[in-house]
Amino acid sequence: MRTLFIVALMLLAACSVNGKQATVDRAPLETALIVGSAETPDPVLAKVMELEKSGVVKDVVVQESFPVQIRLRAPRKVIDELNRMPRSGGLR
């Protein structure tokens, strides 16, 4: 009985995820070009790297330009969030 209880707890823990993250994981990925900021360090690039580590953003390619241009694949909601980030200098 104790073993069954432990197995049930493990399954419950494995199946429970943050609802927001689960929604992002199921959203179709779109390709986008995100323009960074002229700030140093670049907050847009930092956010992209954070999202890549967490697995939300895929296939990140940082192009050497100023400000940086970042090609990536991500759900539309994430792309929109990145595009809304405030920037100083550069193109939009």
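Numbering-wise (our numbering), the sequence shown opens with residue 11 and increments by one. We put the CB at the ideal spot given by N, CA and C, even for glycine. Model, not experiment: these values are computed from the prediction.
Asked, Found
"In chain order, which alpha helix (DSSP H) runs of at least 4 residues are fully inside the region 76-102?", "86-94"
"What does K68 pair with, by DSSP beta-bridge criteria?", "R83"
"Where do the N-terminal and C-terminal ends of the alpha helix (DSSP H) with A56 fall, by residue?", "53-63"
"Let me make sure I understand the geometry here. Which of V58, A37, E49 has the alpha-carbon closest to that of L92?", "V58"
"Cα separation between P85 and E60?", "15 Å"
"So, for L9: in the same chain, excluding its five sequence neighbours on each side, which residues have a beta-carbon less than 8 Å away from its beta-carbon?", "With the chain covering only 11 through 102, there is no way to say anything about residue 9."
"Can the beta-carbon of A48 be found closer than 8 Å to that of S98?", "yes"
"Between R36, V70, A37, which has its C-alpha nearest V54's C-alpha?", "V70"
"Just how far apart, CA to CA, sit G65 and R83?", "11 Å"
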